[in-house]
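Protein chains in written order, with UniProt numbering: chain A, 1 to 452; chain B, 1 to 588.
Glycine included, every Cβ here is placed at the ideal spot set by N, Cα and C.
Nothing here was measured: the structure is a model prediction, and the numbers come from that model.
A short write-up of the structure that comes next.
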Amino acid sequence: HQSAYESDNIKVLCRNPDDYVRETTRDIQRVPRNYDPTLHPFEVPREYTRALNATKLERVFAKPFVASLDGHRDGISCITKHAKSLSTVISGACDGEVKLWNLPRQECLRTVQAHEGFVRGICSRFCGTSFFTVGDDKTIKQWNLEAPGYGVREEPINTILGKAVFTGIDHHQRESTFVTCGQTVDIWDEQRSSPIRSFSWGVDSFSCVRYNPVETELLASCASDRSIVLYDTRESAPLRKVIMQLRSNTLCWNPMEAYYFTCANEDYNLYTYDIRHLDVPVTVHMDHVSAVLDVDYSPTGREFVSASFDKTIRIFPKDKGHSREVYHTKRMQHVICVRWSADNKYVLSGSDEMNIRLWKANASEKLGLLSTREKAAAHYNKKLIEKFQHHPQVRRIARHRHLPGDILKQKREQREMKEARRRREQNVRKHSKPGSVPLLTEKEKHVAAVVE
Amino acid sequence: MAALVPEVLTSTHVEKMNKKKPPKRYWEETENTDQRRPEEEQGTAVQNQNKSTVKERSLKRKNGENLEKKDPFPGEAPIPHKQLQKFQRGEKYKVPAGARRRLKEAIISSEAMSELAQKQAARYDLLLPEDAGFLEGDEDEDTNTISQDDIADAVDITSGSKYFNLHLSQFGPYRLDYGRTGRHLLVGGKKGHVACIDWQSKDLMCEMNVMETVNDVKWLHTEAMFAVAQKRWLYIYDSKGLELHCVKKFNDVLRMQFLPYHFLLATASATGFLQYLDVSVGKEIAAVCTKMGRLDVMSQNPHNAVIHLGHPNGTVSLWSPNQKEPLVKMLCHRGAVRSLTVDKTGTYMVTSGLDRKLKVYDIRAFKPLHSCFLPAGASCLSLSQGGLLSAATGDIVQVYQNVLGSSPVSKPYMAHRLRGQIWGLAYCPFEDVLGIGHGEGFTSMIVPGAGEPNFDALDTNPFRSSKQRQEWEVKALLEKVQPELIGLDPGQLSKVDQASFEQRHKEQVEALGFDPLAKDKFKPKTKKKGRSSAGAIEKRKRKVAHEDQRDEIRQTVQERTERDKEQKEKSNEKKKLGNKSTLDRFRK
C-alpha cells in the first residue's frame, strides 16, 4: 500500500555508526562533544568535587624533598649559585672547605681547602669562570672554576690579605668590582690588592652585603648595630640607614622589582622594605619560631625562601604575611643558608649537620618531562583549586601542613605571648592619658629610626 | 572575478531584469546585517555616490591589477542571540559601586573569560553533526492519524526497525527502563519475568524469572548492573542475570529512581519509606519516613536530584536525603496523584491525577501554568529530551508537543493504541523512540523529534567501547557528588554565602541544640568553710557588677518617669478642659 505522506515530511534520528566508531583499532576513539548545559547537570557540585579531589591529590603528592648532598665535614656556612650554569653549585663549610657540586648527578665535582677557619662568603663572578671566597683567616681568594690538571696543586688565582675578618662578599653584575663586608664595607677592584673605597657609618661590623641586581650601583648591608645601610657606589658616603628593634642577619634584593629588598631578622620575622619609604616596611612576614638566618628570592621575584634557626625553611609569597609552605625533616638541624635555583624549580638549603638538601620549590609538582595531557590536567587542577579556594573544606585541606611537635608547641606559645602582650598594651592604654600610648600597627612596631 | 559580474549587470539591465535578480551571494547577505562596522557603511555610501569611480575600479580589478580586496567578512562572525542565550549561565555579575581595584579587576577578568567560553561554546553548535527528527502532516492532515506502520515504512530500514513489539502475554504487565546511553533496555513483568536487551541490535543479554512479584526495575550507573524491586526485598543483578546482592534493608519497594551523578538509588516503599542506597559503597545513606502511606508515584528532577513523590491525597512532595521533612509540599489534584514527571531542565513538572486532569507546573516558582482535561485520565507520564510529553490513557499512548510553556495543550502530536493496560512508559535517551510496557508485552514506538540528536561522548556515549566505559566509570566515581549537596538549587555552591553572623549563630544553635557562645550560669561552689562563701561573694559581685550599665539604666528610667509624669500632667489638664460636655454651655 502507499504510505500516507511523503518521506520528506518525516525525519527520524538515525546515526551511522561509521561516524561515531573508529575505523581501525589503531585509530583513536571518536569523542563527539555537545556543550549544551542541559546535557551537563550538576555543573557546580561536580566541579566542586573535582576541586576537592585536586586539593587532596595536591597534598598527597606533596613530596618536596629531592636529594641530600653530603660530603662536607663541618656545618655548611654558605652556598652560592653559579652565574651561568644551572647545574653547578658552590658551597663553603665551617672548616674552610669549599665544594663544587653537580646537581643533576648529585655529586661533588671538586673540593678545595680554601681557608683556615670558617668560609664566610662565596660569590661567583658574573662571567662564570671563577669565584671568590672570604674566610676567617682575613683573606679574599679568587679561584678558577676549572679544575686544575692532574697532579697540579689547587691554588687560588689571586689572594688578597685584608686587615680584619671578612664576613661577606658579593660581586658586581657586569664590572670587575666586588664588595666585601667586615668591620667596614669595602669595594674592591679585581686588579688591585687594596679596596677602592671603604664605607662605615659608626658601625663596628657588618654581617651581609648585597649588590642590587637591577640598579647595579646600589648596595645594601646589614650591620650588627641593628641597622640596614644603603650605599651608592658612585657616591662617597652611604645613602641612608634604617635602624630596627633587632639585628637583621641577611638581606636579599628582589630581582624583578629593584626597589624592594627583604631582610631576615633576629626577631623571627622577615621584613620587605621599599627603599623609597624606609620608615615602615611594606610587609612583615611572620611564621618562623626562631631567628631567621638567610633569605633568597626566586628569579621571578614573586616568592622568597627563608632559612631559620628553628630547623625549617619556609617559602613566602612576596606580598603575603604568612608562608605558603614549610619544609622540614627529622635530620635537618639549624638551617644556615638557603638559595633558590635559577630555573625557579628548586630550593637548596645548607644546614648545621653538614648536608646540603635539594627541595622542590613547588612541593607537589611532578618532575621530569610532562606530556601535553599531564600539563593540561595540572593546569586545570590548579585553576580549580584557585576557583574554590575559599570553600571551607578546600581551604582546610590546602592549608594543612605537618609541623614537628616542638615547633608547633613554640608556635602556640608565641601566639599566646603575643596575645598577652597585646592585652597588656591595651590595659596600659586604657589606664593612661588618652593619646599618650599610641596605637602602633605591626609594621610600625619594628622600626626604631631612619637616618639620612 | 565572479563577484564583479552582478555589479556590471545591475548597471546595465536594471529596468529589463527587474524581477530576475542575479543569484544571491553569501557575502552580500552578511553585508546587510547590522554587524557591519561604521567605517564600512561610510565606505559604501561613498561608493554609491560616485558610481563612475566604482566602475573604474571594477575595470581595474578586471584587469587583475588590484587583487587585494577588502575583507568581505569584517570583524568576528556574528553569533545568533538565541544560541548565545543557550550557554548563558546565570546573570552577568556587575562591578559593585565603590569596589576596590583588585576586586574590580577580578570581576572584569572573570566576566571576560566566561563570555569567551560562552561564545566559543555557541560557535561550536555549528559543528554538531545531527539534526533533530520531525514529523509533519500534509495539509488538513493530523499527524496523530499516522500509524506506526506507515512511519516505519516511510523511514529508512534502520529507523524502521525501531518500531517493534514483544509479545509477552504470560508474565505481564511490564515495567521498563532504558540505560543512560540509550542502548540497553530492561523490562520486568509483574509476574517475575526480567530481561535485559541491547534493543538496537535486538541482542538478549539475559532473561530470567525471579519467581516473585516484580514491582519495578532500574538500571544502575552502567549496563553491568540493575536493581529489581521484588515482592519483599530489593535485589541487584548483573547483566548476566547473576544475583549480586539482596538488600534486606529495603523492603516492599514499589518504585525506584537512580540518581546517576550521586550514585544513589532512591526507593519508595509500600510502608511509606523513602530510602537512598549509595550504589558505589553499598550503604544506606538516608531513610525518610514520609508518613504519607503507600508510595507508588515517584519521579526525579534530573536538574537537582530532588525526588518527587505523588500521594493519594492529591499532594506532591519534594524530598532530599538531607532532610526528614519534605522540601516542598504542593497540592496538585483534587483526587490522588496518578503519575508525574519532570523535564530535564528542572523547570516544569507535569502531573496527572484521579480527577482526570493533566497539569503543568513551573517548579521554580511552584505555580500551575495550565491544565487540561483528559477523558480517560493519564496513568503514566513521560517527558522526552526534546520536550515531548507522552501520556498513557487506558490502552492508548498519546504524545503531546509544546506542552512545556504557557500555551495550553492542543490536540496530540501522535497516538498509538496497544493491547492491554499500559504499565510503564519511558523515552529512550538520544533516540526517537518511546518504550511502552503493557499487559501484552513491550512495544517500541517511533516518535520523531523525541531524542536529543547530539550526545556528549564524555558524558553518555551510546557507541562507547568497553575500554571507554571503564574509563568513564572511574572518572564518574571520582567526581561523584556527595548526597549532602542535594538541594533545590544545585548552583548554590557557587554563590556567595551572605548569611549574617546572627543567622549563622541561630542555625548553629538549632543544629547543636544549645548555644555554644552563651556564658554558663554561675554555680556557687559548695564550699563549707569560711564566712565568705562562694555564693556570698557572687552576691557581693552582683551588687557592683555592670555599674556603668546600671547608671545608664537608672538615668534612662529616671528620664522616662519624668517624661511620663509630664505627659500625665498635660493630659490631666486636657481632661479638665475636655470634661465639659456640649450641653455645659447652656448651663448657668
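- Sequence-distant Cβ neighbours of B/L84 in its own chain, meaning closer than 6 Å and more than five residues away, are A122.
- A distance below 6 Å between beta-carbons, with the five flanking residues on each side excluded, links B/K231 to the following residues of its chain, in chain order: E212 and T213.
- Runs of the beta strand (DSSP E) lying entirely within the region 412-469 of chain B, each at least 3 residues long, are 414-417, 422-427, 433-438 and 441-446 in chain order.
- The alpha-carbon of B/N322 is positioned some 17 Å away from that of B/G272.
- Within chain A, no C-beta atom comes less than 7 Å from the C-beta of B/G405; the nearest is roughly 16 Å away.
- Residue range R101 to Y124 is occupied by the alpha helix (DSSP H) that includes B/L103, with no beta strand (DSSP E) assigned at that position.
- Using beta-carbon distances, A/Q393 does not count as an interface residue toward chain B, since no partner is under 8 Å.
- In its chain, beyond the 5 residues on either side, F373, L374, P375, A376 and G377 have a beta carbon closer than 8 Å to the beta carbon of B/R356.
- Rounded to whole angstroms, the separation of the alpha carbons of B/H303 and B/T267 is 19 Å.
- Contact annotation for A/N381 against chain B: no contact, minimum CB-CB distance about 12 Å [criterion: below 9 Å].
- One Cα belongs to B/L425, the other to B/R175, and the distance between them is close to 8 Å.
- The Cβ-Cβ distance between A/I90 and A/I336 does not fall below 8 Å.
- In the three-state reduction of the DSSP assignment, B/M256 falls in the strand class.
- When Cβ-Cβ separations below 8 Å define contact, B/K86 makes contact with chain A.
- Across the set A/H334, A/V21 and A/W359, the C-alpha of A/W359 shows the shortest separation from the C-alpha of A/N344.
- With respect to chain A, the C-beta atom of B/T341 has no partner C-beta closer than 8 Å.
- In this structure, the straight-line span from the alpha carbon of B/S571 to that of B/E538 is close to 45 Å.
- Secondary structure of A/S308 (DSSP, three-state): strand.
- With contact defined as three or more Cβ pairs closer than 8 Å, the region 377-391 of chain B and the region 136-146 of chain B are not in contact.
- In the three-state scheme derived from DSSP, where H, G and I count as helix and E and B as strand, B/F273 is classed as strand.
- In its chain, beyond the 5 residues on either side, Y163 have a beta carbon closer than 8 Å to the beta carbon of B/D149.
- For the pair A/L161 and A/K138, the CB atoms are nearer than the 8 Å cut-off.
- At a cut-off of 8 Å between C-beta atoms, B/E440 does not count as an interface residue with respect to chain A.
- B/I486 sits in coil when the DSSP states are folded into three classes, being neither helix nor strand.
- With a beta-carbon spacing of about 6 Å, A/C123 and A/T80 fall inside the 8 Å limit used to define contacts.
- In the pairwise beta carbon analysis, the region 305-315 of chain A is classified as not touching the region 416-434 of chain A: fewer than three pairs are separated by under 8 Å.
- Scanning the UniProt repeat "WD" (69-111) of chain A from its first residue to its last, no whole alpha helix (DSSP H) run of 4-plus residues comes out.
- With contacts defined as CB atoms closer than 8 Å, B/G420 and B/H438 qualify as a contacting pair.
- Using a Cβ-Cβ cut-off of 8 Å, B/P302 counts as an interface residue toward chain A, since at least one Cβ of chain A sits closer than that to its own.
- Exclusion of the five residues before and after A/N144 leaves S130 and I157 as the residues of its chain whose Cβ lies within less than 6 Å of its Cβ.
- Excluding five sequence positions before and after A/P195, the CB atoms of its chain that fall closer than 7 Å to its own CB belong to D186, I187 and W188, given in chain order.
- Contact between the region 288-300 of chain A and the region 393-401 of chain A is absent: fewer than 3 CB-CB pairs across the two stretches fall below 8 Å.
- Identification of residues in the region 35-49 of chain A having a C-beta nearer than 9 Å to some C-beta of chain B yields Y35, D36, P37, T38, L39, H40, P41, F42, E43, V44, P45, R46, E47, Y48 and T49, given in sequence order.
- A/F261 and A/E365 have their C-alpha atoms spaced approximately 28 Å apart.
- Close CB contacts of A/A62 within its chain, under the 8 Å cut and outside five residues either way in sequence, are with A363 and S364 (chain order).
- For the pair B/T143 and B/Y413, the CB atoms are nearer than the 8 Å cut-off.
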